[in-house]
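I have placed the structure first, in the form of structure tokens, so that the comments after it can refer back to it.
There are 2 protein chains.
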Amino acid sequence: MPAKKTRARRPATRSRVPLAGARVPGGLRDGERVLITSHDVAALAGVSRSAVSRTFTPAASVSDATRRKVQRAAAQLGYQPNVIARSLITRQSRLIGLIMGEWENPFYAAMLRQFSEKLQARDYRVMLLAGSSEKDVDDSVRLLRQYQVDGIVLVSAAPSEELAAECARAGVRLVLLNRERQGLPATSIVLDNAGIGRELAALLLNVGYQRFLLVRGRAQLRAGIERQDGFRSVLNAQRRGQIIGEGTDLVGYAAGRQFIREFVEAGKQPDAVVCSSDLTALGVLDGLRIDLGQRVPDDIAVVGFGDIPAASWAANELTTVALPLDGMIDAALSDMFDDSGADRPRRVVLPGRIIERSTTRTVASIQAAPSR
Amino acid sequence: MPAKKTRARRPATRSRVPLAGARVPGGLRDGERVLITSHDVAALAGVSRSAVSRTFTPAASVSDATRRKVQRAAAQLGYQPNVIARSLITRQSRLIGLIMGEWENPFYAAMLRQFSEKLQARDYRVMLLAGSSEKDVDDSVRLLRQYQVDGIVLVSAAPSEELAAECARAGVRLVLLNRERQGLPATSIVLDNAGIGRELAALLLNVGYQRFLLVRGRAQLRAGIERQDGFRSVLNAQRRGQIIGEGTDLVGYAAGRQFIREFVEAGKQPDAVVCSSDLTALGVLDGLRIDLGQRVPDDIAVVGFGDIPAASWAANELTTVALPLDGMIDAALSDMFDDSGADRPRRVVLPGRIIERSTTRTVASIQAAPSR
DNA sequence: AAGCAACTTGCACACGTTTGCAACGCGTGT
DNA sequence: ACACGCGTTGCAAACGTGTGCAAGTTGCTT
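The listed protein sequences derive, respectively, from chains A and B. At position 342 of the first sequence the residue is numbered 343 (our numbering), and the sequence of numbers has no breaks. At position 146 of the second sequence the residue is numbered 147 (our numbering), and the sequence of numbers has no breaks.
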């Protein structure tokens with residue numbers, strides 16, 4: 002496609018009547034493009050453009066006879082209604098913008114898939130943009146607004162306050178997934194992070210782990226902080242166990258593997274590592290077993306977050322917390338399409354679920370061979 | 002957003018002049034939506050709509066004075082040009098459709114990312130659709146045509162011939178990624194699969210493996226077949242080694258793990274398993290080591306395809322073949338945007354690269370401890 | 001036969017933008 | 001003083017569609 006070329010304007014009196022009997026569709030030539038419009042179909046079917054339009058509008062009033070005529074003509078010409086033009090007049094693009102800032106984590110690939118499938122099912126389309134920094138996100142939001150999207154889902158940083166306010170004024174709904182930010186006119190779908198932190202602490206204490214290393218992802222995310230706070234609160238309440246170290250801004254396998262190694266080689270030895278992503282946890286696990294020669298779960302426990310496919314592989318069998326992917330997406334979508342008039346910037350919090358596999362001891366294993 | 006509601010038509014004589022001095026943008030109310038148009042900006046700046054349009058058109062002729070006036074007004078109102086309306090008149094949507102049929106494999110997540118980033122850089126947007134069966138794909142293509150996309154990239158099945166022909170007529174370019182189909186007016190980006198098969202066979206024979214098990218993904222894909230043919234041709238030429246079994250339609254970790262187990266338990270014992278995806282290979286690897294207690298690479302080799310991140314993890318160290326992701330995407334894009342007039346349904350074949358890790362013996366290991 | 005309701009159909013305007021064309025302003029050269 | 005040219009500006013016609021309104025048609029009831 003030539004990117005920039007002065008369009009050859011066709012004469013106003015061009016013939017728009019397709020060759021009535023020809024098998025090859027008529028339509029109009031415009032440089033290399035051929036576009037068949039409702040006009041062409043109308044002419045071939047011997048009806049008005051309105052009839053064509055109504056044939057393709059579900060609830061419109063057309064007789065079966067004309068509808069059939071139109072459908073025949075449309076099929077013959079390969080006519081597809083032009084959604085761009087339709088959007089212009091209906092002021093609804095049926096487009097949802099999706100800004101993606103997390104690509105490494107397989108969990109988000111699954112999310113992406115579900116999103117596009119579920120939106121497709123509702124007869125909406127997704128426009129995908131990549132962007133991680135706040136500046137990127139702002140640019141992306143601006144772009145999406147230019148495309149008149151009906152809503153924006155963010156799996157990334159939040160946009161700036163001014164831009165979010167602008168979206169709110171324009172009636173474009175914002176949904177933050179797995180993120181939140183105070184005072185933004187945007188719905189947040191988040192996990193009960195503090196609750197998960199508490200459950201994790203209780204579980205680990207219960208099977209005898211005591212010296213914890215807490216590993217977080219991106220430093221500025223509230224989620225990780227809340228999880229740690231929940232975790233800590235149980236330690237304080239039970240007056241057992243201690244946090245002997247923390248790691249921040251660790252994202253991905255390599256980061257986890259390197260971090261645990263340096264941590265242990267610096268002379269500190271946890272007996273349980275709690276990570277904020279499965280990828281990091283798997284890095285820690287391999288670092289522990291392969292680089293450091295430690296026994297998991299006997300000497301040390303590892304727990305992840307997200308329950309990505311690799312967590313359940315036989316070589317890993319990682320204890321982790323499963324996220325309610327379906328629930329998150331349904332929540333996002335139902336907020337996006339909700340027109341009950343409920344007060345809008347909502348906050349949906351969903352529970353996670355701990356999946357015990359083989360990187361943590363179980364109560365049974367404890368009883369069989371009591372620790373120390 | 003109310004999905005279906007008769008739009009309250011506003012009176013033809015509505016006031017379109019924004020409150021001149023007000024800080025809150027004027028614009029027009031339409032139900033819940035507020036939309037600021039070039040008209041509003043023009044009024045505030047005291048110029049015509051044309052001037053506004055030209056300000057936002059890079060190569061247009063506007064004086065610096067009016068451009069500044071317009072920009073000030075636009076900023077004040079938060080105006081964004083309506084790309085929908087622009088597309089209608091320029092007959093260019095700057096939209097590329099991307100139909101995705103492969104979601105499990107992390108390799109395709111990386112591809113998705115690169116695509117959206119590189120298209121964004123060229124000032125194009127990507128519309129993402131999910132679809133795997135040919136019917137899904139046809140539906141998706143139709144949808145994309147309704148949105149007037151400038152091109153379609155398929156990482157999925159190919160569309161039907163009629164539909165592809167229709168796209169060709171409409172000037173919408175089709176690019177198949179990692180797929181191909183004879184006689185379709187679509188460019189294919191493929192790997193040199195036969196070449197990879199040959200290299201793999203040579204490598205494995207060279208370090209002493211003899212009894213091969215070949216595992217393929219989706220049965221109908223040419224790629225897997227070509228790879229096997231290449232592999233076989235080397236065996237024939239060298240009169241060494243034999244293929245003792247094949248598996249088809251195995252996709253994903255679980256399938257690989259189960260398959261190898263059943264295969265061996267049925268009494269057959271390969272000494273090298275060649276898989277057509279890393280995921281399957283990792284399943285086979287775990288099945289071999291954990292379920293079957295075999296030693297890799299001493300007793301048996303495993304090789305994958307794709308070089309996904311998990312392949313390089315310390316616990317796996319999978320020998321695999323790396324795909325030229327960048328090259329594939331650049332090829333797809335440059336074909337899509339090429340206007341040199343080269344004959345179009347092209348066929349680009351790219352080389353893969355074998356990455357030897359620890360699931361195959363090396364020549365050095367052979368010499369240290371000669372096999373049998 | 002006339003009246004009426006229900007349904008169908010076409011006209012024409014609107015959506016927000018781009019852009020060819022003509023008009024205009026202004027400086028310069030003769 | 002006038003002609004000329006150049007850069008800027010506004011007018012108005014598109015782009016392809018949806019839809020309120022009024023006119024037309026049909027079938028039924030009285």
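Glycine is no exception: its CB is placed at the ideal position from the N, C-alpha and C atoms.
- The DSSP-derived three-state label of B/S49 is coil.
- For a Cβ distance threshold of 9 Å, residue set L89, Q147, Y148 and Q149 of chain B lies close to A/N83, ordered along the chain.
- For A/T188, the enclosing beta strand (DSSP E) starts and ends at T188 to L192.
- Chain B places a beta carbon closer than 8 Å to that of A/Q121, counting this residue as a contact.
- For the alpha helix (DSSP H) assignment, the uninterrupted runs of no fewer than 4 residues enclosed by the segment 231-296 of chain A are, from N- to C-terminal side, 254-266 and 279-287.
- Using a Cβ-Cβ cut-off of 7 Å, B/Y254 is close to P310 and W314 of chain A, given in chain order.
- Taking 8 Å as the threshold, the shortest C-beta distance from B/I226 to chain A does not fall below it.
- Residues of the segment 324-358 of chain A with a C-beta atom less than 7 Å from some C-beta of chain B are F338 and D340, listed in chain order.
- Taken atom to atom, the span from the alpha-carbon of A/A166 to that of A/R92 is near 20 Å.
- In this structure, the CA atom of A/L175 is about 6 Å from the CA atom of A/V154.
- For A/L175, the secondary structure class from DSSP, reduced to helix, strand or coil, is strand.
- B/G242 is positioned such that its CB atom lies no closer than 8 Å to that of B/I367.
- Spatial neighbours of A/G328 in its own chain (CB-CB distance under 8 Å, excluding positions within 5 residues in sequence) are listed in chain order as L351.
- For B/T56, the three-state secondary structure derived from DSSP is helix.
- Your pair B/L130 and B/L113 does not check out as a contact, with CB atoms roughly 12 Å apart and the cut at 8 Å.
- The beta-bridge partner set that DSSP reports for A/L155 consists of A/I100 and A/L177.
- Interface residue (Cβ-Cβ distance to chain A less than 8 Å): B/P160 is not classified as such.
- Of all residues in the segment 262-281 of chain A, those with a C-beta nearer than 9 Å to a C-beta of chain B are L280, reading in chain order.
- Between the C-alpha atoms of B/V138 and A/A122 there is a straight-line separation of about 14 Å.
- Taken through DSSP and simplified to helix, strand or coil, A/T363 comes out as coil.
- Beta bridge pairing from DSSP links B/L351 with B/L192.
- For the segment 162-188 of chain A, the set of positions with a beta-carbon nearer than 8 Å to some beta-carbon of chain B reads E167, R170, A171, G172 and R174 in chain order.
- Nearest C-alpha to A/S117 among B/I355, B/G102, B/S234 and B/W314: B/G102.
- Secondary-structure assignment with DSSP links A/F116 through no beta bridge to anything.
- Excluding residues up to 5 positions away in sequence, P186 lie with their Cβ nearer than 6 Å to the Cβ of A/A169 in the same chain.
- Rounded to whole angstroms, the Cβ separation of A/T281 and A/G253 is 7 Å, and the two are in contact under 8 Å.
- Each residue's CA atom was taken as its position, placing A/L236 and B/E105 some 39 Å apart.
- A Cβ of chain A is located within less than 8 Å of the beta carbon of B/G79.
- The three-state reading of DSSP puts B/V150 in coil, since its state is none of H, G, I, E or B.
- In the DSSP annotation of this structure, the continuous segment of the beta strand (DSSP E) that includes B/R126 starts and ends at R126 to A131.
- Excluding sequence positions up to five before and after A/V142, its CB lies within less than 6 Å of the CB of P160 and L164, all in the same chain and listed in chain order.
- For B/E118, the closest Cβ of chain A is nearer than 8 Å.
- Interface residue (Cβ-Cβ distance to chain A less than 8 Å): B/S62 is not classified as such.
- Bounds of the alpha helix (DSSP H) holding B/T67 are D65 to L78.
- The three-state reading of DSSP puts A/T38 in coil, since its state is none of H, G, I, E or B.
- Residues of chain B whose Cβ lies closer than 7 Å to the Cβ of A/R114 are, in chain order, W104 and A131.
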